[in-house]
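The listed protein sequences derive, respectively, from chains A and B. The first sequence finishes on residue 390 if you use the working numbering, and the numbering steps up by one all the way, no holes. The second sequence finishes on residue 1376 if you use the working numbering, and the numbering steps up by one all the way, no holes. For glycine and all other residues, C-beta sits at the position ideal for the given N, C-alpha and C. If you're wondering where the values come from, they're calculated on a predicted model, not measured in any experiment.
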Amino acid sequence: MEKLFRSKSSVLVSILLAFTLIAAACGDDDSGSESSVSDAPADATENDSEVATGEDYSDFKVVMILDGSAEDGGWNTTHLRSGNRMADAFPGIDFSYVEAIEPGQPATNAFQDAVDTGADLVIGTTFYQFDMMEVADENPDTYFLTWAGFEDQPNVGHFSQATEDGRYLDGMVAGLLTESNIIGYPVGFPYAEVNRGLNAFTLGAQEVNPDVEVRALYLNTWFDPAIEQQAAEALANEGADVIAHEVGAQVYATVMAERSGYVFGYTNDWSDFEPEAWAGGFLIDWSTYYIEQVEDIIAGEFTPGISYGGLAEGWIEFAPYGPAVTDDMLELVEERKQQIIDGTFDMFAGPIFDNQGNEVIVEGETIPFAERDFCCDFLVEGIIGEIPAT
Amino acid sequence: MTGRLRVVPRGFAGPAVRFGVPVAALFVALTIGAVLLGVSGSDPFEAYRTMFNASLNGWASLTRTLALATPLILTGLAAAVAFQMRVYNIGAEGQLYLGAIAASWIGLFLPADIPAVLMLAAMVAFGAVAGAAWAMFAAIPKALFNADEIITTLMLNFVALSLMNYLIFGSRSFWREPQRAFPSGKRLPDSAVMPELSGRLHFGFIIAVVCAVGLWWVLRRTTWGFEIRTIGDSPTSARYAGMSVRMKTIAVLGISGALAAIAGVSEVSGVTKGLEPNALATDIGYAGIIVAVVARSNPLGVVPVATFLAAIATSGSRLQGIGIEVEVVYLLQGLIFLTVTAGEFFVTNKVELVSTDADELPNDNGTPGAEMTGAK
């Protein structure tokens, strides 16, 4: 999860620091040069009002608050993509975003600014809950959505995504692609979603390839290309010919391309980057959720609380698969995908053993979908690695 | 006639200079900024109106600026006290985390129903001690072996960050809320939350201002403070005069660490209300170094400089809200801050045009000024 820790306002701070310490008050100020390569997409604020459905939503204002750059190619890009799709569904809607807002006081101020400038709905795309609740409490007529929150408030909705649905299917492809039967899987910090994704991926790989082993590495960072490079090389040296990950950098693709291996993406389509090594990867799409919320708010039927969605809810989709993935493989994947959507296949159906030999889910039991958000504090059999000291 | 521009220190800056120069510098910054905004396709007047409204216009904006300035004042003081002795504490960031970790531990550990005064006092005290103790990892090697404190304090920041991340993301520690999908800190009880003064401005601001005045008094009005400044000016003569440079290095880094840690206490108790690594790790410690440099390590100067920086920073999301790209926002904020602080140069120095004849006279004030040729 690369969503946090890429504080862009620290660009200001660090450049100022450099300038001040060098005591160079001369020269021109280019404090934005590192991030100024990109032009902010204008399409975020303007929508085709040509989609003549007769309805006009120009009175409705949505502001999205992103913690990093909108063009980070990762978490924030995913959110903005979902936001733009939502905007496309409501002709004329006033949708805008502010980016690089750090949690803490800057986030609280950004939420307040959104309210003050007339927002009807404010979407916080990272763990902003604690920065947002006071603003939500003081402004009961504005609605708020926030990622991974949980506190009850009549005008607040929380959402998080069932990445395990995507991970399972990615795992199947990976299990079919690997020749060494060793898959590398570096992750960031050991918490529920990361462990759950790792488990689902491994179960998917094992379904098609019982001999497969998944080597997990907890890197204790959200984004650190140097450490990630080392992890990728270490895994490749251990024989991994496929890498899936949940950290931030693109180094896995580079390393796998050098070794003729394959790499899976995480929430974004990086198929253009080292295309020969690209295997595929699930994407998150929150637009169905956003659209429902806007409709409910307009209809006066907003329901607060936690929403959790996966394939069946339309929250998970897939990037194009790479050249190595054959139609035969995809046939298997498609079948499972349909079964997950229909609810006829349950990846967490017992018996499931952890990699310590304990039966964590007994025969006939499962982890109900609604409780999966809190899973897992174990790693399934077949994963080489352990959750760091808890 | 041939002449030269000569920069000489002003002996005394009158009120016209003291206020006129910053105003002129601000005007210059806004003019350059207007060109920048115009080129990037935005309306400069709307932008400046938005900045002013967001940061200084009215009580609500002002309290929000001061709330953002609160931790900056404290980390600014942390850097300033060390700079007075020419000790460079780059570790305020990590010391801030330690303050937040220690204070939230007290807040969660002590019974929630004890009086808030006791609770908050314990949090500040314990947080300050933790920050000072953390600074000792740099202070003692510096005092004993003259280990470079810039390196050690900087490196310790990453250790402190890893520690804080470990407590919330990497383990099921005492600080972490056990039953949540996304790792977060346990909420502090009400008694451990700084009382609000107005809006989101909390009691931490009072603490910060008291620290500023207190530090100023110690540095300017006590023998100890005099010794610190003497060591800063000339360690050799200080040693010759019988001052213990070692002990003062340890003491100054301890005080510096404690002040930075109080910034962490103030943030965790007044803002995040739980140990939230992502909201605490926002480079406030590093920004304090800039504040101290611009304030010339004067504790009383730190307060307005921190407030000025906060006022500029707080308008960011509003500026984006009127359609200015985030890169231009950074550029504008940096430009204003740099130009106004660079203008300070003309408060303490003056530029005079001297004839070439006069130049041959000996420089009577002993300090050679930077000289520039020109003005034919």
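Item                                                                                                                                        : Value
Run of the beta strand (DSSP E) containing N1349 of chain B, from where it starts to where it stops                                         : N1349 to S1355
Same chain, Cβ closer than 7 Å to G350 of chain A, five either side skipped, listed in chain order                                          : I361, V362, E363, G364, E365 and T366
Contacts around L1077 of chain B, its chain only, beta-carbon distance under 7 Å, and the 5 residues preceding and following it disregarded : C1211, A1212, L1215, L1259, P1299 and V1302
Pairwise C-alpha distance: F318 of chain A and Q339 of chain A                                                                              : 16 Å
Residue from A:W286, A:E276 and A:V294 whose Cα sits closest to the Cα of A162 of chain A                                                   : A:W286
7 Å Cβ cutoff, P225 of chain A in contact with chain B                                                                                      : no
CB contact below 7 Å: F95 of chain A versus chain B                                                                                         : no
Nearest-angstrom Cα separation, counted from V242 of chain A out to P190 of chain A                                                         : 21 Å
Within-7 Å CB hit, R1229 of chain B to chain A                                                                                              : no
CB contact flag (R1318 of chain B, A1047 of chain B, <7 Å)                                                                                  : no
Ordered list of alpha helix (DSSP H) runs contained in the region 1139 to 1174 of chain B, each at least 4 residues                         : 1149 to 1165
Under 8 Å (Cβ pairs) to chain A, residues found in the region 1259 to 1289 of chain B                                                       : E1267, V1271, T1272, K1273, G1274, E1276, N1278, A1279, L1280, A1281, T1282, D1283, Y1286, A1287 and I1289
Contact the region 1279 to 1293 of chain B vs the region 1131 to 1140 of chain B: 3+ CB pairs below 8 Å                                     : no
Local Cβ density within 10 Å of A136 of chain A, reported as buried at 16 or more and exposed below that                                    : buried
Residues that K61 of chain A bridges to, as DSSP identifies them                                                                            : A:D94
Within-7 Å CB hit, A24 of chain A to chain B                                                                                                : The predicted position of A24 of chain A is uncertain, since its pLDDT is 35 and thus under 50; a value taken from the coordinates is nonetheless stated next. No, A24 of chain A does not count as interfacial toward chain B.
V37 of chain A, buried or exposed, once every other Cβ within 10 Å from all chains shown has been counted against 16                        : Model confidence at V37 of chain A stands at a pLDDT of 33, short of 50, so the residue's coordinates are unreliable; what they give is reported in the following sentence. Per the 10 Å Cβ criterion, exposed.
Contact check, G1274 of chain B vs L1188 of chain B, beta carbons under 7 Å                                                                 : yes
Any chain C beta carbon closer than 7 Å to N220 of chain A                                                                                  : Protein chains in the displayed structure are A and B, and chain C is not among them.
Anticipated Cβ contact below 8 Å, N181 of chain A with V208 of chain A, distance rounded                                                    : The Cβ separation is near 11 Å, so there is no contact.
Any non-hydrogen atom of the ligand SAM within 6 Å of G281 of chain A CB                                                                    : Among the ligands in the structure shown, none appear at all, so the ligand SAM cannot be discussed.
Test: Q1320 of chain B CB closer than 7 Å to a CB of chain A                                                                                : yes
Nearest candidate by alpha-carbon position, reference V63 of chain A, set A:G204, A:Q112, A:Y168 and A:Q105                                 : A:Q112
Closest by C-alpha distance to L1120 of chain B, when choosing among B:G1131, B:W1134 and B:W1105                                           : B:W1105
A312 of chain A vs I341 of chain A beta-carbon contact at 7 Å                                                                               : yes
Three-state class that DSSP yields for Q1179 of chain B in the structure shown                                                              : coil
Option nearest Q1377 of chain B by Cα separation, candidates B:V1129, B:A1067, B:Q1084 and B:L1062                                          : What the structure shows of chain B is the stretch from 1001 to 1376, and residue 1377 of chain B is not part of that stretch, so it cannot be assessed.
Residue of A:Q356, A:G74, A:G68 and A:D59 minimising C-alpha distance to A249 of chain A                                                    : A:G74
Under 7 Å between C-beta atoms of I1228 of chain B and Q1084 of chain B                                                                     : yes
Through-space distance from V247 of chain A to G265 of chain A, alpha-carbon basis                                                          : 10 Å
7 Å Cβ cutoff, G104 of chain A in contact with chain B                                                                                      : yes
is_contact[A1024 of chain B, chain A] using C-beta, thresh 7 Å                                                                              : no
Closest residue to T1249 of chain B among B:V1291, B:R1086, B:F1345 and B:A1067 (Cα-Cα distance)                                            : B:R1086
Between the CA atoms of V1252 of chain B and K61 of chain A - distance to the nearest angstrom                                              : 52 Å
Chain B residues whose Cβ lies nearer than 7 Å to that of I101 of chain A                                                                   : S1317
Same chain, Cβ closer than 6 Å to L1167 of chain B, neighbours up to 5 away in sequence not counted                                         : S1173 and W1175
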